[in-house]
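First comes the structure, then the notes that go with it.
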Amino acid sequence: MYGVKWRAVALILSFIASNQLELLKRKPSDLRRYAAWSSTIKARYGNIANFLCKERLHWPIDRDPQTLCQNPTLFADPRDYKILRNDWPYGLTPDITHMCVWVKNRIDTTPETGDVTEESRALIDDFVHRTFTSHLSGFSDAADRVIWFKNWTALQSIRSLEHIHVLVRDIPDKVIVEWTGEEARELSQPDGALL
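Residue numbers (mature numbering (1 follows the signal peptide of the UniProt record, and there is no 0)): -21 to -1, 1 to 174.
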């Protein structure tokens, strides 16, 4: 499902309980570029997580991020998470911006389903509301412009670093820059360089 529109994303996310997040995919051309890029990154950094820690998150590579937590409660301390634009977003329409919120804390999941626990879901919902939705007061439909999900373990391409995905629709880029500290850019280059 490429060029996925907002309603389709919301529908897919409503099926989280049935584990259908695999319907969100990258465009084939982006997937080929991602494969080439990740091969280069793995050769240079050992794995994608090391690259992310060193180049994007600026977190130490040689330590479990959880040992660096300022607060054991998820999203309680801004030093324990970082919001970035997704370098390799799913094949969404241009009006949708895909961000990842990388966290040092563990996001608890249920062993039976791999879904986030009710406590984790409440903490994430609160964080997403206070960080994203509440800052969209100029939009009467602010709550309908922000959705989040956490991939099931089987769908995660970077399992060693906890993160959630946040998708926003029709949000001015200056707001995205406020959240991420980054301007919009092209996807990462095959040699590992970021534009």
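The beta-carbon is built from N, C-alpha and C at its ideal position, and this holds for glycine as well.
Note that this is a predicted model, so its numbers are computed, not measured.
Where Leu53 falls: helix, strand or coil (DSSP): Here DSSP, grouped into helix, strand and coil, assigns Leu53 to coil.
Span of the beta strand (DSSP E) holding Thr110? Here Thr110 belongs to no beta strand (DSSP E); instead the alpha helix (DSSP H) covers 97 to 110.
For the alpha helix (DSSP H) containing Glu157, list its first residue and its last residue. For Glu157, the enclosing alpha helix (DSSP H) covers residues 152 to 159.
Quick one, are the C-beta atoms of Val107 and Val145 less than 8 angstroms apart? Closer than 8 angstroms, so yes.
Check whether the segment 46 to 59 touches the segment 70 to 79, counting contact only when three or more Cβ pairs, one atom from each stretch, lie closer than 8 angstroms. Contact between the segment 46 to 59 and the segment 70 to 79 is absent, because fewer than three Cβ pairs lie under 8 angstroms.
Which partner residues does His144 have in the DSSP bridge list? Beta-bridge pairing links His144 to Cys79, Phe128.
Arg164 in three-state terms, based on DSSP: Arg164 falls in the coil class under three-state DSSP.
Between the Cα of Ala28 and those of Lys83, Arg5, Lys6, Cys48, spot the shortest distance and give me the residue it belongs to. Taking each of Lys83, Arg5, Lys6, Cys48 in turn and checking the Cα distance to Ala28, the smallest one comes out for Lys83.
Judging by CA-CA distance, which residue of Trp131, Pro68, Lys129, Asp104 is the nearest neighbour of Lys6? Distance from the Cα of Lys6 is smallest, within the candidate group Trp131, Pro68, Lys129, Asp104, for Pro68.
Residue(s) in a DSSP beta bridge with Lys61: Answer is Trp81, bridged to Lys61.
On the DSSP letters alone, give me the boundaries of the alpha helix (DSSP H) that Asn26 sits inside. Element bounds for Asn26: n/a, residue is neither H nor E.
Of the residues Pro51, Gln49, Asn26, Asn50, the one placed nearest Phe41, counting alpha carbons only: A small fix is needed here, since residue 41 is Asp in this sequence, not Phe. Of the candidates Pro51, Gln49, Asn26, Asn50, Asn26 places its Cα closest to the Cα of Asp41.
Given this structure, state the Cα-to-Cα distance separating Asp170 from Ser119, to the nearest angstrom. Reliability fails at Asp170, whose pLDDT of 45 lies under 50, so the model's placement of it is uncertain and no value is given.
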